[in-house]
Structure formats: C-alpha cells, structure tokens
Amino acid sequence: QPYRHEYDTEAETNGNADTETDTETGSDAAAISVDEPTGGLTAGLDPVLQETSGTWIAWGDGDADFDVTDARDCVGVPPDEECYTLRRIDLSDDAVDSYYRGFSNRVLWPLCHGFAELVEERADDFEWYRTVNATFADAVAEHASSESVVWLQDYHFALAPRMIRESIPSSATVAQFWHIPWPSPATFEYCPDGEQVLEGLLGNDLLGFHVKRYADAFLDCVRRYLPDAAVDRDRRTVRYEGHTTRVVATPMGVDADSYDQRARTADADQLHSLFERYDIPQNVTLGLGVDRLDYTKGIPERLTALERFFEENPSWRGEFTFVQKATPSRTEIPAYARHGDLVRSEVDRINRRFGTDDWQPIVYTEDILPADDLCALYRHADLLIVSSLCDGMNLVAQEYVAASVDGDGTLLLSDRTGAHERLGENAISINPTAVDEFADRIEDALTLSPRDRTRRMDALRTTTFENDIDAWMETQFEWLSQVHDGQRTAPNS
Ligand code: ADQ
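Structural data, given as structure tokens:
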C-alpha cells in the first residue's frame, strides 16, 4: 500500500519504508506518510489505477477518501496526472484481532500452507471475518457500476466475492488473486466453515493462483465439498448456482528493473559499512537469507543445514558467513512468537558452537534495512537460500536474481515454492527437510565453477526479466478483459 498508517506493521508488505516522507494535505493538515515500495504489487497497480482513474479500497484510517493526485502533489508529482481514489476502511481493534490475527492468520494461513496442526479456532473469529468482508463488499458496491472490474487481493477476502456479486450489476466483473497456496482436500477438511469459504470464492468470475498445482487443488476441493458444483477440469471452470468461475494460474514476477538499477548503484563503500555494522570480516564468502519470521519459510531447517555444513566442512569456518535478515511478523499470534524464539535460540547455539573472537557463522538481524542496503546485500551475496516449507510463490528469490547484476550469485531454492516451477531448473534445488542433502547442496553452491555459476545466473535473469511484474499485470488484465467480454479462451501469454 503506498500510504502507510498505524496498522502497517501488521499488514502484508511487499515493500520497504525507505523513501518515506511525512507531509501534510493542505488545510486538512492530516499527516500522510508516503511509502514508495521497491517493487511488487503496489508498483504494478499504482500506474494501472492512475490510468483507469479507479478506486483502491484498503484497510486503514477511514476518516476520508483521498484523491491520490492531491496526495501525490505533496511529494512533488505534477497535479495534472490522471488520478484515482484511495478509500480507507477503518477497523476496530476487535475486528483486527479477530479478522486479521484470527480467521485470516490463525486459520486460513496455516491451513493453506499445510500446517493444519497450527489452526486455532477461536469464538467469533469467523463472524468478524464475515463482518469485515461484508464491510469491504459494501464499499465496493458504493463504487461499482455495470462496467466495473473489481479485483480483490488475497486470502483476507474469501467471502467478499459472493457478497459483491450479489450487490453489483451482473455485467460487472469480479476477480481475485490468491497469493498463497491452496491445500489438498485432505487438508482443507480441517477448515472451519470451509463450505462458506468455497462458496464465497465462487462469487468471482476469475480466480487466480500462482501455479497450476494450487488451481487444481482448489478445483479438487470444490468437487469434494460442494457436490452441487459442476467442475470442468479441461476448461478450468466451476458452475455453481447459475454462475461460472474460471480458475487460472498466473505466476507473479517482481519489478526486476528496479532491483537491477538499485543494485547497480550499490557501491563498495555501502557494502563495507554494512559489513562493519554487523561485524562481518571483509572478504568472507557471503550467504544470505531474507524472510518474514514465519514458520512457513523454513528458517530453522536452514540453520540446521548450515550447522551440518560447518560440521562437515571445517575449512569453511572463518571463510563463509551467512547473513539471515528476518522481519518479525504477526507477533501476537503464539505460533509466531514461539517460532521467533526458536530461530533466535538456534542462531545463538550455532554461533556458540562454531564462532570465534573474530568470526560468527550466522549474522542474524531483525533490523529494517533500507532498500538500497538490501539490494547491496543481494548483489554481493555469493549465494541466497530460500528454504520455505511451503510458499505460494516467493518474491525474494526473484529479487535476488534481478539484483545479481554481476551474474555471479547462486540461488538455492526449495522445491516447495511456487517460484521453483519457474526457476528450479537453473537454481540449486533443495528439499528443506533433508538435512544432509541440504548441507551438500550448500557445499555444491560454494564450489560451483565460475562458468556454471554464470550460466545458471544468466538463465535465471532471462526468466526473471521476461516474467516481471509488468508481464504479470498484462496477463491479469488480458484475463480480466476476456472474462469481462464474456470470452472463454486463454490469452496467448
Ligand atoms: P510473503 O510471504 O511476504 O508474500 P515473499 O514473496 O518472499 O513472501 O515476499 C516478501 C517481500 O517482503 C519481498 O518483497 C521482500 O523483499 C520483502 N521483505 C522481506 N523481509 C524484508 C525486510 N526485512 N525488509 C524489507 N523488505 C522485506 C506472500 C506469499 C508469497 C508470494 C507473495 C506475493 O506468501 O508466497 O510470493 O505474497 O504473491
């Protein structure tokens, strides 16, 4: 979201607060803090909304609707550009606790990532989830016309599509992109109110996932739990209560040019000062991990594999440092708090085991780094590890590739990420739970011939730039216009 507010630390983030500017909106004197993320969905949506003069409805302080041209004026953007409206929906503390930290992140998030044992059902969470979905649906209905295209983002809005469908003209299009995986029917069985979740999503005309595997799993769940729905696997449609939903797979990319450019401007001094700040000896071989502190990201498994690697390759002690940048997330949820404690204690234990006076195997930080520093690390890291146990796509892997402007980095990528379907062939594939193999793959990455390293990174960069966020947005809008026009054939891309 381009406009930060008090809940931002809770919200999913694709960006960094590096260019934040506090400013005032004329006579209202309301302080608006403007955050322009490095890349991601916001960067893709902002120009589209400017062109279409649409309305962006988002969680936040709902005192007023902002005309985005006014807000952009404050940061020096010419006022005659086309603009859009940012409509804020304010949520009470109870709503945030039950809707966001409750059904969204104690039920749907663990379930969709296959962690059924972490699902926590609390009284009222689903009712709040419904209430907040209804509030957003009402706001959409206020803005929608017969020609509108409504595009919902993510798992926080599983019920809204059906509500919207029932309250706006039938010629308008309702679509949604689900950014996380979809589970198998055996796991979905543990979803409280699962039938309503499926019915809600079938209010969409178009439902997008990152990869075909998740789209297939969704169709399997509909077939299993909504026996009255007609699922057509070939055409990838579901007909339910007189309405048709098309289910597609469109893997998301990153703003590759922006990571490339930032990495190119990262000079040696910048890296030098980062090394000094974190007490990293100059000239070590550098490994990197960048993740939200989330139990799906496989950070403890990564630490165990690094420990095994140092055990078996003592000559690398003092020569290889792994920097793990972790961003605390959803910390009020007990599973997250426990996970954070586990990660921190494992880092301490491994550092006590192998560390010396002038070298630590793991440099762990929860600091917020400006985007330029992040890109400097991406550029100079000899390898990056993504070891998710389950991950819808994983943008960090793609950001690393886009920022590897010297072509000499190596990506180790979990075969349980959506990104693996696109990048797996030229990354070093890992199974995050097979400790010995994982440690061997770290060794492989460190000993690749320069030629193999460059060949792999060149191929990864080609794929990442060809499938960047602009290409993804283009595919989304091709699908949207096809559905909107009532066509039912796949776009060429
Ligand atoms: P996430 O689970 O948040 O996203 P990911 O795709 O890796 O995971 O995106 C994280 C984003 O946050 C990246 O842009 C990264 O640079 C940024 N980030 C992480 N730590 C940071 C830090 N400390 N400081 C600044 N930025 C940081 C969800 C799904 C993914 C899916 C995306 C997009 O879980 O599977 O790829 O949505 O659909």
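The UniProt record's numbering runs 13 ahead of the 1-based position in the sequence shown.
Don't be surprised by glycine CBs; every beta carbon is placed ideally from N, CA and C.
So for residue i, helix, strand or coil by DSSP?
| i | result |
| --- | --- |
| Asp266 | Reading the sequence as shown, one finds Gly at residue 266 and not Asp. Coil at Gly266, not helix or strand. |
| Met486 | helix |
| Val414 | helix |
| Leu211 | helix |
| Arg100 | strand |
| Gly300 | strand |
| Gln373 | coil |
| Leu316 | helix |
| Val224 | coil |
| Asp404 | strand |
| Ile381 | coil |
| Ser442 | strand |
| His497 | helix |
| Val261 | strand |
| Val399 | strand |
| Leu219 | strand |
| Gly39 | In this prediction, Gly39 has a pLDDT of 38, which is less than 50 and means its spatial position is unreliable; what the coordinates show is noted afterwards. Helix. |
| Arg237 | helix |
| Val132 | coil |
| Gly311 | coil |
| Asn326 | coil |
Suppose the cutoff is 7 angstroms on Cβ atoms and the five residues either side in sequence are ignored; what does the same chain contact list for residue i look like?
| i | result |
| --- | --- |
| Ser40 | Model confidence at Ser40 stands at a pLDDT of 39, short of 50, so the residue's coordinates are unreliable; what they give is reported in the following sentence. Nothing meets the Cβ criterion. |
| Asp137 | Ser111 |
| Pro341 | Leu306, Gly353, Glu379 |
| Arg371 | Here residue 371 turns out to be Asp, not Arg, going by the sequence shown. Around Asp371: Pro294. |
In terms of DSSP beta bridges, what is residue i paired with?
| i | result |
| --- | --- |
| His256 | Tyr253 |
| Arg305 | Thr340 |
| Asp245 | Thr250 |
| Ala71 | Arg101 |
| Thr430 | Asp404 |
| Thr334 | Leu299 |
Could you tell me how far apart the beta carbons of residue i and residue j are, in whole angstroms, since I believe they sit closer than 8 angstroms?
| i | j | result |
| --- | --- | --- |
| Pro174 | Ser159 | Wrong, their Cβ atoms sit about 17 angstroms apart, outside the cutoff. |
| His223 | Gly405 | 5 angstroms |
| Ile102 | Thr144 | About 12 angstroms; that fails the 8 angstroms criterion. |
| Asn439 | Pro264 | 16 angstroms between Cβ atoms; not a contact. |
| Pro196 | Leu124 | 6 angstroms |
| Arg454 | Ile443 | 5 angstroms |
| Ala389 | Gln283 | 5 angstroms |
| Ala276 | Val418 | 5 angstroms |
For residue i, which residues of its own chain have a beta-carbon under 8 angstroms away from its beta-carbon, when the five flanking residues on both sides are left out?
| i | result |
| --- | --- |
| Ala42 | At Ala42 the pLDDT is 44, less than 50, meaning the model places this residue with poor confidence; the figure from the coordinates comes in the next sentence. Excluding residues within five positions, none has a Cβ falling inside 8 angstroms. |
| Thr186 | Ser161, Val162, Val163, Asp218, Leu219, Leu493, Val496, His497 |
Within its chain, find whatever has a CB closer than 6 angstroms to the CB of residue i; leave out the 5 residues flanking it on each side and keep chain order.
| i | result |
| --- | --- |
| Leu319 | Phe335 |
| Tyr20 | Interpretation of Tyr20 is limited by its pLDDT of 27, a score under 50 that renders its predicted location unreliable; the figure taken from the coordinates is listed afterwards. Here the set comprises nothing. |
| residue 529 | Only positions 14 to 506 of the chain appear in the structure, and residue 529 is not among them; the question remains open. |
| Val235 | Leu211, Ala242, Val244, Val251 |
| His169 | Ser117 |
| Ser427 | Val399, Ser400, Ser401, Ile443, Pro445 |
Which stretch, first to last residue, makes up the alpha helix (DSSP H) that contains residue i?
| i | result |
| --- | --- |
| Asp361 | 347 to 367 |
| Ile455 | 448 to 460 |
| His436 | Reading the sequence as shown, one finds Leu at residue 436 and not His. First-last of the alpha helix (DSSP H) with Leu436: 433 to 436. |
| Leu287 | 281 to 290 |
| Val163 | No alpha helix (DSSP H) contains Val163, which is instead part of the beta strand (DSSP E) from 162 to 166. |
| Ile177 | 173 to 180 |
| Val153 | 138 to 156 |
| Leu124 | 122 to 125 |
| Phe201 | 198 to 201 |
Where does the unbroken beta strand (DSSP E) through residue i begin, and where does it stop?
| i | result |
| --- | --- |
| Ala188 | 186 to 190 |
| Thr423 | 423 to 427 |
Is any beta-carbon of chain C found at less than 8 angstroms from that of residue i?
| i | result |
| --- | --- |
| Gly302 | You won't find chain C in this structure, because it holds only one protein chain. |
What do you reckon, is the C-beta of residue i under 7 angstroms from a heavy atom of the ligand PLP?
| i | result |
| --- | --- |
| Thr476 | Looking at this structure, you won't find the ligand PLP anywhere; what it does contain is the ligand ADQ. |
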